[in-house]
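Undergrad:
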Amino acid sequence: MPHRTLLTPGQIWTPKNQQEFPRKIVDLVKSSIEFQVLNNKLDIKRCAHSLFRKWIKSTQASLTEIDETRVPPTLALAQKLFALRKSAKMSQLALSEALNISRSAVAALETGRTGDLQKYLPKISEIFDVPINFFSGWPLNQTSKTRHLIR
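No gaps in the numbering here: position 56 of the sequence shown is 56 in full-length UniProt numbering, and each next residue is one more.
(1) Please classify Gln11: is it buried, with 16 or more other beta-carbons within 10 angstroms of its beta-carbon, or exposed?
(2) Taking the beta carbon of Pro22 as the centre, do at least 16 other beta carbons fall within 10 Å, making it buried, or is it exposed?
(3) Take the Cβ of Arg46 as the centre, count every other Cβ of all protein chains shown within 10 Å, and call the residue buried at 16 or more, exposed below.
(4) Report the residue from Lys89, Ser31, Ala98 whose alpha carbon sits nearest the alpha carbon of Glu126.
(5) Can you find at least 3 beta carbon pairs, one from the stretch 13-29 and one from the stretch 51-66, that sit closer than 8 Å?
(6) Mapping the DSSP letters down to three states, classify Leu84 as helix, strand or coil.
(7) Which value, in whole angstroms, describes the spacing of the CA atoms of Asn100 and Gln92?
(8) With a threshold of 16 other CB atoms inside 10 Å of the CB of Pro131, please say whether the residue is buried or exposed.
(9) So, with DSSP's three-state summary, where would you put Glu20?
(10) Could you pull the start and end residues of the beta strand (DSSP E) that Ala107 belongs to?
(11) Suppose the cutoff is 7 Å on Cβ atoms and the five residues either side in sequence are ignored; what does the same chain contact list for Ala78 look like?
(12) Grouping DSSP H, G and I as helix and E and B as strand, with all else coil, what is Ile132?
(13) Considering only residues of the same chain and omitting the five flanking positions on each side of Pro9, which have a CB-CB separation below 7 Å?
(14) Could you give the distance in angstroms between the alpha-carbon of Leu121 and the alpha-carbon of Ser87?
Okay, here's the thing in structure tokens:
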């Protein structure tokens, strides 16, 4: 698991050992995570963030799926920015220079740790040559699931 992976509702983490069941994050409540073990019972369980991360590390689990209907709008925009930057083969530093902000501010925008992304959307759409409405309605009007492999 990458050092700074943001745990969010809708993520499905699958252990390397196929005999163990995947876990789906249902909600984040204060300092704990509510999740479902994707077996026949589907009971909701709760544990501390640190314990969930330890489970990911000890089982070598990978993020295999994100239920986009559960992704918060701020995080959805952040994921869209990350995908645009990567597809353009642009570094965070290059994007930070184009936006006239620090590289760490770009990192915060891409992980959804800040709500400032919307104010940069006009400039971002110009940089990547996409219409501003490219960012609207995503993923709220999509019901499909997207596969992501994060390493």
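Virtual Cβ for every residue (Gly too), placed ideally from N, Cα, C. Here the structure is a predicted model, which means the values were calculated and not measured.
TA: Taking the coordinates as given:
(1) So Gln11 counts as buried.
(2) With 16 or more other Cβ atoms inside 10 Å of its own Cβ, Pro22 counts as buried.
(3) Per the 10 Å Cβ criterion, exposed.
(4) Per the Cα distances, Ala98.
(5) Yes: at least three Cβ pairs fall under 8 Å.
(6) Reduced to three states, the DSSP call for Leu84 is helix.
(7) Cα to Cα, the separation comes out at about 12 Å.
(8) Per the 10 Å Cβ criterion, exposed.
(9) In this structure, DSSP gives Glu20 a state outside helix and strand, which the three-state scheme calls coil.
(10) Following the DSSP letters along the chain, one finds Ala107 in no beta strand (DSSP E) but inside the alpha helix (DSSP H) bounded by residues 103-111.
(11) Excluding positions up to five away in sequence, the list reads Leu109, Glu110, Thr111, Gly112, Leu117.
(12) DSSP places Ile132 in helix when its eight states are reduced to three.
(13) Its chain contains Ile25, Val26, Asp27, Leu28, Arg70 as the residues whose beta carbon lies nearer than 7 Å to that of Pro9, once the 5 sequence neighbours on both sides are disregarded; these appear in chain order.
(14) About 17 Å.
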